[in-house]
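Chains A and B are the protein sequences, given in the same order. Going left to right, the first sequence walks through residues 15 to 216 as this note's numbering numbers them. Going left to right, the second sequence walks through residues 225 to 274 as this note's numbering numbers them. Working notes, beginning with the structure itself.
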Amino acid sequence: MNTDPLKKKWANAIQTIADLSKGDPIHVDPLEKRWAYVILAIASLFVAIIMIDALVHDINPPSHVETIDSARLHLSKEFAEDNLGVQVDGNGNVTVRIVAGRYGFYPKQVTVPSGTPLKFRWVSMDVLHGIHLPMTNMNTMILPGYVAELKTDFPKPGNYPLLCNEYCGMGHDHMWGSITVVAKEHWTAPVTTASKGDSDHE
Amino acid sequence: MSQLSEEERQKIINSSPIGTWALMLTVSLGMVAAWLFLYYGVFLPRGAID
């Protein structure tokens, strides 16, 4: 096989790159350069604001990794049917456990207090699902085999729709629920029993 | 049809592009203002996700 033409082609390409790197052979209009500097400055400003905010307020991207057997959720203590929904522990921490699957959320509706730190624990009983609450920042994927844990608070009372935003099958567009946020002073903690809130998985 | 003399034309070409500066300033300030509004006025008040 004659490789000479290919070698010449590569040699020419390398020579062209070498020529380009000498001096400033590409003319860039000074106005375009200034535009580029302005865009870089704006992008740097935005990144700096986000980084400073994250550092000052100690905001980190959700990084919780916890596995669970999706096929045996109903047998787990934590995600058994009786333990789903809103629970408050002895220290007043509010935890919401919701199972996604079969084109629905279980429970379909929960009521939480506004302006209160909330811990959401989402699991899937079948395939990949996602959640999105319009008008809030809540948005995550729910992978089967993992617990998706998010901590947030809802400053404004209201009724927020809960939608699945990962295509999960023919019934995907019927997969919805709602989260009702009521003013803190009007919210009543659900009655808990001693058996609730335990975790029997790793 | 241009009514400018060659001298006037050259003067304009060699002068600072004020219109472009104004456009750059307007677009840049508008973009920064819109971003700050979305970040501080919409995103952060909805509550951080941790």
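We treat Cβ as the ideally placed atom computed from N, Cα and C, and that holds for glycine.
Just verifying my parser: in three-state terms, what is the DSSP assignment at residue i?
i	result
A62 of chain A	helix
Q101 of chain A	strand
G211 of chain A	For G211 of chain A, the predicted model reports a pLDDT of 48, less than 50, meaning its position is unreliable; a value from the coordinates is still stated below. Reduced to three states, the DSSP call for G211 of chain A is coil.
R48 of chain A	helix
G172 of chain A	strand
G118 of chain A	strand
V137 of chain A	strand
E80 of chain A	coil
If you follow the beta strand (DSSP E) that residue i is part of, which residue opens it and which one closes it?
i	result
M155 of chain A	N153 to I156
V196 of chain A	W190 to V196
G269 of chain A	Missing from the structure shown is residue 269 of chain A; chain A here goes from 15 to 216 and no further.
T166 of chain A	A162 to T166
Inspect the beta-carbon positions of residue i and residue j and report whether they are closer than 8 Å.
i	j	result
I156 of chain A	S138 of chain A	yes
C178 of chain A	A85 of chain A	no
F134 of chain A	L176 of chain A	no
V102 of chain A	A203 of chain A	yes
K170 of chain A	P131 of chain A	no
R116 of chain A	D96 of chain A	no
P121 of chain A	G99 of chain A	yes
G193 of chain A	L147 of chain A	Checking the sequence shown, residue 193 of chain A turns out to be Ile, not Gly. It is a contact, given that the beta carbons lie within the stated cut-off.
T250 of chain B	L45 of chain A	no
G177 of chain B	F168 of chain A	Only positions 225 to 274 of chain B appear in the structure, and residue 177 of chain B is not among them; the question remains open.
T81 of chain A	G144 of chain A	no
T109 of chain A	W201 of chain A	no
I297 of chain B	M65 of chain A	Past the boundaries of the shown model lies residue 297 of chain B; chain B is included only from 225 to 274, so the question cannot be answered.
I56 of chain A	M248 of chain B	no
Locate the alpha helix (DSSP H) running through residue i, then write down its first and last residues.
i	result
W235 of chain B	Residue 235 of chain B is actually Lys in this sequence, not Trp. Unbroken alpha helix (DSSP H) run through K235 of chain B: E230 to N238.
T125 of chain A	Per DSSP, T125 of chain A belongs to no alpha helix (DSSP H); it is in the beta strand (DSSP E), Q123 to P127.
A257 of chain B	I242 to L260
Residues of chain A with a CB under 8 Å from the CB of residue i: which are they?
i	result
S229 of chain B	Those do not exist, as S229 of chain B stays about 25 Å from chain A at its closest Cβ, beyond 8 Å.
Please compile the residues from chain A whose C-beta is within a distance smaller than 9 Å of the C-beta of residue i.
i	result
F261 of chain B	By Cβ distance, chain A contributes nothing, its closest Cβ being about 13 Å from F261 of chain B, past 9 Å.
For a contact defined as C-beta to C-beta under 7 Å, what are the partners of residue i on chain A?
i	result
I273 of chain B	P76, N151, M152, L164 and T166
S252 of chain B	V52 and I56
So if DSSP puts residue i in a beta bridge, which residue, or which two residues, is it bridged to?
i	result
T109 of chain A	A:Q101 and A:K133
S90 of chain A	DSSP, once it has assigned bridges, lists no residue as partnering S90 of chain A.
L268 of chain B	Looking at the DSSP assignment, L268 of chain B forms no beta bridge with any residue, so it has no partner.
Quick one: which residues of the segment 43-54 of chain A get their C-beta closer than 8 Å to a C-beta of chain C? List them in chain order.
-> The chain labelled as chain C is not found among the protein chains of the depicted structure, namely A and B.
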